[in-house]
Amino acid sequence: MTNLIIFLVLMTLGYLVGQMAEKKHYKSIIQREKQLRELPTIASRFPPTDKLFDQHLVMGNTVISVDYFKRFIAALRNLLGGRVTSYESLLDRARRESLLRMKQQADAMGAEYVFNVKYETASISKGRKNAIGSVEVLAYGTALIASGSGNEV
Amino acid sequence: MLISNMEILPGKEVKTHLGLVQGSSVRAKHVGRDIMAGLKNIFGGELKGYTELLQESRDEAMARMKQQAESIGANAILNVRFSTSSVAQGAAEIYVYGSAVILE
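Protein sequence lines correspond, in order, to chains A and B. Residue numbers for the first sequence follow the working numbering, beginning at 1 and rising by one. Residue numbers for the second sequence follow the working numbering, beginning at 1 and rising by one.
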């Protein structure tokens with residue numbers, strides 16, 4: 001009985017706080033994405049050759065975890081199969097946040113572009129019964145800073 | 001030391017290739033952080049402690065790679081890649097590698 005109560009409390013807490021945190025996070029992501037829209041991130045390996053650039057490695061990482069409720073839903077999904085939406089939004093948030101952090105770093109250097117952007121994902125801590133608890137996403141790329149802008153690193 | 005994850009540098013030419021350089025770092029999280037992370041596992045959200053931890057160990061891995069490149073006389077590392085693996089419960093390995101070159 002006590003176990004059931006603890007479980008229910010955790011579920012409600014996870015659901016309420018988790019939903020709120022996710023909404024807040026998405027809001028902040030969308031807002032910052034708007035701010036940094038001027039700085040293009042490009043996946044190409046070949047930099048523009050018309051101008052000279054200084055290069056600097058930039059990166060951003062995020063470790064993010066799902067809440068109790070979503071983990072339970074995901075475990076149910078494992079029985080039925082199909083889309084696991086609770087993990088989809090988790091990874092989406094982690095990727096966008098990492099990219100934003102990378103862009104912020106590049107922006108602070110006065111970069112014009114970020115080239116060769118790559119993502120890397122790792123699940124760093126496996127929870128009980130090997131369920132995915134949290135993921136780390138790293139985004140990295142090369143910031144191209146126009147030479148002579150006084151921001152050389 | 002120039003570190004870049006591109007192969008080409010406009011306006012600069014690679015004089016000599018010196019081969020692969022690498023750096024790695026294995027870090028474990030401490031108990032305090034673990035407890036906080038346990039709480040976060042209920043509420044969800046970012047685990048700031050882990051984010052910092054991984055950032056630190058990535059910096060250390062990069063510093064090691066740089067040191068190795070300096071010791072063989074390179075002045076730039078191109079085509080840098082990162083890789084992460086969890087070797088054991090509670091410990092993560094950060095591995096960074098790239099090719100050391102001499103730019104003119």
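Note that CB positions come from ideal geometry on N, CA and C, so glycine has one too.
Under DSSP, the alpha helix (DSSP H) around Ala75 (chain A) begins and ends at which residues? 68–80
For Pro10 (chain B), tell me which candidate among A:Asn61, A:Glu88, A:Thr49, A:Ser65 has the shortest Cα-Cα distance. A:Thr49
Euclidean distance between Cα positions of Gln22 (chain B) and Leu8 (chain A): 49 Å
Got a sec? Which residues, its chain only, sit under 6 Å from Thr41 (chain A) by beta carbon, not counting five neighbours each side? Val114, Val117
Own chain, CB closer than 6 Å to Tyr15 (chain A), minus 5 neighbours either side, in chain order: Phe69
Checking contacts by CB at 8 Å: is Gln105 (chain A) closer than that to chain B? no
Are the beta-carbon atoms of Ala74 (chain A) and Val63 (chain A) separated by less than 8 Å? no
If you draw a straight line from the alpha carbon of Val58 (chain A) to that of Leu4 (chain A), how long is it in whole angstroms? 47 Å
Three Cβ pairs or more, each shorter than 8 Å: is that satisfied between the stretch 23–31 of chain A and the stretch 101–114 of chain A? no
Of the choices B:Arg81, B:Thr51, B:Arg27, B:Gln68, whose alpha-carbon is the least far from that of Met36 (chain B)? B:Thr51
Say whether the stretch 50–69 of chain B touches the stretch 90–99 of chain B, bearing in mind that this needs 3 or more beta-carbon pairs closer than 8 Å, one atom from each stretch. yes
Closer than 7 Å, Cβ to Cβ, to anything on chain A: give me those residues from the stretch 40–59 of chain B, in chain order. Lys40, Asn41, Ile42, Phe43, Gly44, Gly45, Glu46, Leu47, Tyr50, Thr51, Leu54, Gln55
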